[in-house]
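Single-structure report; data block below.
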Amino acid sequence: MGGQMDESRKKATICLVIPCFNEAKRLQTKAFEDAIVKQNLHFLFVNDGSSDHTLEVLQAFASQYPNQVRIVDSTPNLGKGNAVRKGMLDSLLWKPFDYTGYWDADLSAPLSEVKIIVEPMLAAGYQFAFGSRLLRIGGNIKRNGFRHYVSRISATFAAETLGLPVYDTQCGAKIFSHQIVEGLFKMPFISSWLFDVELFFRAKQLWNKAEFYKHTIEIPITKWTEVGGSRLRFNNLIKVPLELFKIRNFYKNTW
Ligand SMILES: Nc1nc2c(ncn2[C@@H]2O[C@H](COP(=O)(O)OP(=O)(O)O)[C@@H](O)[C@H]2O)c(=O)[nH]1
Ligand SMILES: [Mg+2]
Numbered sequence: 032m033g034g035q036m037d038e039s040r041k042k043a044t045i046c047l048v049i050p051c052f053n054e055a056k057r058l059q060t061k062a063f064e065d066a067i068v069k070q071n072l073h074f075l076f077v078n079d080g081s082s083d084h085t086l087e088v089l090q091a092f093a094s095q096y097p098n099q100v101r102i103v104d105s106t107p108n109l110g111k112g113n114a115v116r117k118g119m120l121d122s123l124l125w126k127p128f129d130y131t132g133y134w135d136a137d138l139s140a141p142l143s144e145v146k147i148i149v150e151p152m153l154a155a156g157y158q159f160a161f162g163s164r165l166l167r168i169g170g171n172i173k174r175n176g177f178r179h180y181v182s183r184i185s186a187t188f189a190a191e192t193l194g195l196p197v198y199d200t201q202c203g204a205k206i207f208s209h210q211i212v213e214g215l216f217k218m219p220f221i222s223s224w225l226f227d228v229e230l231f232f233r234a235k236q237l238w239n240k241a242e243f244y245k246h247t248i249e250i251p252i253t254k255w256t257e258v259g260g261s262r263l264r265f266n267n268l269i270k271v272p273l274e275l276f277k278i279r280n281f282y283k284n285t286w
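Under the working numbering, the first residue of the sequence shown is numbered 32, with each subsequent residue one higher.
Here you go:
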């Protein structure tokens, strides 16, 4: 039994979409390289209208691992949600992956966490598994105080809006089984920076309540280190309630 599972784990192919906006200085190519070699991960980097040398950095890296690295170059800058969507859809044209997900370029969640998220997908057939930055004793979650509180407040409102007991909608570590990628990402998002919330609504459209809970799992990650140089603007935060209201109105016909 254990042997069988090891076998399927070895065979499962995983692609991570990495949205990149001016990441030339932050991109830890060594960590990506390790994951390519040791975990057999594939990476699809979406350069989203960067004005620095992100594209050159990515091209140099891709030329070393052409089978496992792909670049989608997109201009002008359209925001994280659009970039993730583009990459997720493009992954379907690249190779028949078993799982495709997206992951923050700064590797706040290290790539060693991928296996923690994929594990229940392999073992129990979950189709949507996502990381959660649960601050807890025994965990290794390091966040700056202010950002932690702001994020807790936003996440609580998001969960309320969704009507789901989700702890952290916004963690940049989410993985989907191949068969739901198109259904979840086909339509453009109405919100560029709360698109994660839309994904949960879309999962509610895809599945009834029983199916949703059968297919979805939130997994506290074991390590998160806040990396400086955030690309997300904090003045957006006062707009969170308004944005959530807009999203809820748009997806109002879900259970
Ligand atoms: N494509 C794209 N990605 C973005 C944009 N803003 C942020 N990101 C990406 O979103 C991820 C998280 O961004 P980060 O700056 O670390 O924000 P944090 O959530 O505050 O840590 C990274 O992969 C960024 O490159 C954007 O405008 N376009
Ligand atoms: Mg970050």
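Glycine included, every Cβ here is placed at the ideal spot set by N, Cα and C.
For residue i, which residues from the same chain have a beta carbon less than 8 Å from its beta carbon, with the 5 sequence-adjacent residues on both sides left out?
i, result
"G33", "Note on G33: pLDDT 45, under 50, position unreliable in the model; no value is reported."
"K25", "In the structure as shown, the chain starts at 32 and stops at 286, and residue 25 therefore has no counterpart that could be examined."
"G214", "R233 and L237"
"R167", "P251"
"A93", "F76, V100, R101 and I102"
"F128", "T44, I45, C46, H73, S122 and H209"
"A62", "L138, P141 and L142"
Among residues of its own chain, excluding the 5 on either side of residue i, which ones have a beta-carbon nearer than 6 Å to its beta-carbon?
i, result
"T247", "F159"
"F216", "R116, M119 and L120"
"D83", "N53 and A55"
"P141", "K254"
"A155", "none"
"D135", "G203"
"V228", "A189, T200 and I278"
"D137", "R57 and V258"
"H179", "none"
"G110", "S223"
Run through the DSSP bridge pairs and tell me what residue i is partnered with.
i, result
"A160", "I206 and I248"
"T131", "C46 and F207"
"D79", "S105"
"I172", "W255"
"F74", "L47 and V100"
Between which two residues does the beta strand (DSSP E) harbouring residue i extend?
i, result
"D104", "V100 to S105"
If I measure Cβ to Cβ from residue i and keep anything under 7 Å in the same chain, skipping five residues before and after, which residues do I get?
i, result
"L273", "none"
"S105", "V77, N78, D79, G80, A114 and K117"
"Y157", "P151, H246, T247 and I248"
Can you give the beta carbon distance from residue i to residue j, rounded, assuming they're within the 8 Å contact cut?
i, j, result
"K235", "W286", "6 Å"
"S182", "P251", "So it is not a contact: roughly 15 Å between Cβ atoms."
"I278", "L230", "Between L230 and I278 the Cβ distance is about 11 Å, and since that is not below 8 Å, they are no contact."
Span of the alpha helix (DSSP H) holding residue i?
i, result
"I148", "V145 to A155"
"S261", "Neither: S261 is in no alpha helix (DSSP H) and is coded neither H nor E."
"P141", "Per DSSP, P141 belongs to no alpha helix (DSSP H) and is neither H nor E."
"E274", "V271 to F281"
"N267", "Premise fails: N267 is in no alpha helix (DSSP H) and is neither H nor E."
"T85", "T85 to Q95"
Within the 7 Å Cβ cut-off, does residue i reach chain C?
i, result
"N175", "As a matter of chain content, chain C is missing from the structure shown, which is built from one protein chain."
With distances taken from each beta carbon to the nearest heavy atom of ligand 2, which residues come in below 6 Å, in chain order?
-> The set, ordered by position in the chain, is D135, D137, S139, V258 and S261.
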